[in-house]
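Heads up: the structure comes next, in structure tokens.
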Amino acid sequence: MEEWDLVSKDPAIVTDNAANMSVAAELAGMLHFRCFAHTLNLASQCALKLPAVACLLGRVRRISTFFKRSTTASHVLRQKQKLLELPEHKLITDVVTRWNSAHDMLERFLEQQPAVSAALLSNELRKTEKEVCTLCESDITSAEEIVDAMKPMKIATLVMSKESSPTLSVVTPLHAQLIQDFQESRADSEIVKEIKAAICQDLSKRYMDQQKETMYVCSALDPRFKALPFLPDDEREEIYLRITAEARRIQELFQEEAKVIPGEEDNHVEDKDDIPASPPPKKKKDLCCLADLLGSTYSAGPAVRHRTTQAQAEEEMSRYKEAPPLSLAEGSPLSWWKEHQNEYPLMSRLAKVYLCIPGTSVSSERVFSMAGDIVTAQRSLALQSRSSAQLALQSRSSAQLALQSRSSAQLALQSRSSAQLALQSRSSAQLALQSRSSAQLALQRRSSAQLALQSRSSAQLALQSRSSAQLALQSRSSAQLALQSRSSAQLALQSRSSAQLALQSRGSSFSAPSRAGSSFSAPS
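Going by UniProt numbering, the first residue of the sequence shown is number 1, and it counts up by one from there.
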């Protein structure tokens, strides 16, 4: 630290939870933080050491090892994966020092469980089936419950292992959320209750009050977690007051360091008194006269601050609390402070002090793992400079690979976006076809309706024609009846005429004898 001139900067140190590390940091008098990734690992190991969980992990580990060591079993497993249309992934065997490898092992086993069961029942492996402890339905259910229960711990581990963003500000919100998530509920099974109790008990005893207070300040300076919803109102206000006081203190120290030593400029001017100077112009004389009159009130120098540093810090804190929080999914706290450093000049300096502290020692452990791969026993005689150069080359290669993977990810996103656009275009085309089909159906229905109307009109016309025909028939019948009536009338007239003729003829017959009688009576 003295070699790199870090003693005067009050550095912080982040180590694992080992007791010797804590004692070393305490003896050095440094601000010490425990690696939160190691804390998550210890809490998860407490859950994995439970008898029921350990027994299940042992059985899954034995199956994974069997398929890993046997080429025949691996070949049969791949065949069953193709037959069942499962991803052709290999089974994973866990590592003792990494708890999340046990979670990955269970998760992969559950993914490939149908293929594993089919492979163990095949003719090729039936002879060796007794060597592998197969899992029953209750074991599969327990494995699924363990994976679901431990998922928050895995997500937290992945978040804390990042190197591209500050992690110390995430510790306290994540710690509080995990303790809340691992509270028991009535719907939990017995094995889930045991897991939650073990993890919650281990997490609750981590981090001392002094460490928590500093981490609360760091979380408050992160625009994503500045609301501090996991703290009571009085503790939250105390953290805000501490930030205001520290921002004012840093500003005062900055002003003291920026001050110019009095008399230095005057001595510099006195050294040049012997040099003859040309007479100043008239305009400059007028300016000198103005300076003599108003110089005491409007003297040159730094601008007079009408607000005190305390008032400025309080105002910045007030505006900072009222500003909308940064998005958890898209925003970066460092980029946010870079964009708003002119708006919050005091607090931005304080954010640089706190947000630079890592929340885990994952980065340093990765460097030592890389060094262990390079500085092996066969290279123990290599010079330190050469080893450092190899480490630098390895780091550069890793950075290039990271850039390549990032570019590949961006290309994948672009391809995905193009595919989505193509799907949208295809969907639009399908919708257009559907709309066209709907329009055609509407036209067909309209034509059918028109035909139906025409048919109805034709039927009505036919009914009208039928009615007209019936009327015509009725008229014809009436005419016939009229003719018949006329004929009957004529017949009646004829009959009457005949009767009259008969009467006339009868009358004639009665009148003839009378005339004859008169002729006979005349002689008497």
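Just so it is clear, CB atoms sit at the ideal spot from N, CA and C, and this is done for glycine as well.
Residue(s) in a DSSP beta bridge with residue i
i, result
"F14", "It is worth fixing the name first, because residue 14 is Val in this sequence and not Phe. Its beta-bridge partners are F33."
"R98", "V95"
Same chain only: Cβ atoms within 6 Å of residue i, ignoring 5 sequence neighbours per side
i, result
"V171", "F36, M215 and G359"
"S437", "none"
"Q251", "T309 and L346"
Local conformation of residue i per DSSP, three classes
i, result
"R445", "helix"
"H38", "helix"
"S505", "helix"
"Y354", "helix"
"A227", "coil"
"N20", "helix"
"Y216", "helix"
"Y201", "In the sequence as displayed, the identity of residue 201 is Gln instead of Tyr. Helix, per DSSP."
"E314", "helix"
"Y320", "helix"
"D5", "coil"
"Q180", "helix"
"residue 526", "Absent from the structure is residue 526, since the part of the chain shown begins at 1 and ends at 524."
"E190", "helix"
"A329", "coil"
"Y344", "coil"
"R126", "helix"
"T308", "coil"
"Q464", "helix"
"E163", "coil"
"P232", "coil"
"R426", "helix"
"L451", "helix"
"R436", "helix"
"S363", "helix"
"Y240", "helix"
"D222", "coil"
"S185", "coil"
"R396", "helix"
"Q49", "For clarity, residue 49 is Lys in the given sequence; the question names Gln instead. Looking at K49 - three-state DSSP - the assignment turns out to be coil, as it is neither helix nor strand."
"Q474", "helix"
"Q484", "helix"
Cut-off 8 Å between Cβ atoms - residues of its own chain near residue i, not counting five sequence neighbours on either side
i, result
"K193", "E184"
"I243", "V217, A220, L221, M317, M347 and L350"
"R78", "E88"
"S169", "M215, C218, S219, L221, D222, R224, F225, P333, Y354, L355 and G359"
"T134", "I63, S117 and L120"
"S363", "E163"
"R446", "none"
"V60", "M105, L106, F109, L135 and A143"
"A240", "The sequence shown places Tyr at residue 240, not Ala. The answer, listed in chain order, is A220, M317 and K321."
Sequence-distant residues of the same chain with beta carbon closer than 7 Å to residue i, five excluded per side
i, result
"S332", "S165"
"A54", "L48"
"E144", "L110"
"V76", "A119, S122, E124 and L125"
"A227", "P325"
"E3", "none"
"H103", "V147, M150 and K154"
Residue-chain proximity (residue i, chain D), Cβ-Cβ < 7 Å
i, result
"E237", "Absent from the structure: chain D. Only one protein chain is present."
Contact test: residue i Cβ vs the ligand GTP heavy atom, cutoff 6 Å
i, result
"S138", "Only the bare structure without any ligand can be found here, which leaves the ligand GTP out of the picture."
Exercise for the section: With a floor of 4 residues, list each alpha helix (DSSP H) that falls wholly inside the region 51-95, ordered by position along the chain. Expected result: The region 51-95 contains, as complete alpha helix (DSSP H) runs of 4+ residues, the segments 51-69 and 71-83 (chain order).
Practice task
Would you be able to state if there are at least three C-beta pairs under 8 Å between the region 67-86 and the region 195-207?
Solution key: Below 8 Å, too few C-beta pairs join the region 195-207 and the region 67-86 to call them touching: fewer than three.
Practice task
Kindly confirm or deny that the region 4-16 and the region 25-43 touch, where touching means at least three C-beta pairs closer than 8 Å.
Solution key: Yes, since at least three Cβ pairs between the region 4-16 and the region 25-43 fall closer than 8 Å, the two stretches touch.
Exercise for the section: Inspect the CB distances between the region 310-327 and the region 171-180 and report whether three or more fall short of 8 Å. Expected result: Contact fails: fewer than three Cβ-Cβ distances are below 8 Å.
Handout entry: Stretch pair the region 40-52 + the region 95-107: three plus CB contacts closer than 8 Å
Key = With three or more CB-CB distances shorter than 8 Å, the region 40-52 counts as touching the region 95-107.
Handout entry: Segment contact flag, the region 15-23 with the region 109-119, C-beta cutoff 8 Å, min 3 pairs
Key = Not touching, per the Cβ criterion.
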